[in-house]
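Asks: Here's a structure for you.
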Amino acid sequence: MHPHLHTKDNIACEEIMTALEECHARGFLWKALGMCSGTKDQVTLCLRAERLKRTARNREIARAKREKVQRAWAEIDENS
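Position 46 of the sequence shown, counting from 1, maps to 89 under this note's numbering, and the rest follow consecutively.
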């Protein structure tokens, strides 16, 4: 797989990505006949699930930061 996919964010998909690499290593005909398609679909689903988890986590962090800023501005407005 591409090095940028082997990150700490995709640790849960490492086993499936390794299986796909092994399938691709069997040769061009193996890939061309679609023998790796099922594994590729699993990798895609796993990476998507990990991305959705990251997105949800980032959204929560952004929401918390935004609330903190709004509270700070509300406090400034009260004191002025």
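Glycine included, C-beta positions come from ideal geometry on N, C-alpha and C.
Counting C-beta neighbours from all protein chains within 10 Å, is the total for Val112 16 or more, i.e. buried, or is it exposed?
Replies: exposed
Asks: Pick from Arg94, Leu72 and Arg69: whose alpha carbon is nearest that of Cys56?
Replies: Arg94
Asks: Take Arg97 and list the residues in its own chain whose beta-carbon comes closer than 8 Å to its own, dropping the five residues that flank it on each side.
Replies: Asp52
Asks: Which word fits Ile54, buried or exposed, when buried means at least 16 other C-beta atoms lie within 10 angstroms of its C-beta?
Replies: exposed
Asks: Since I believe Thr82 is in contact with Leu63 (beta carbons under 8 Å), could you give me their beta-carbon distance rounded to a whole number of angstroms?
Replies: 5 Å
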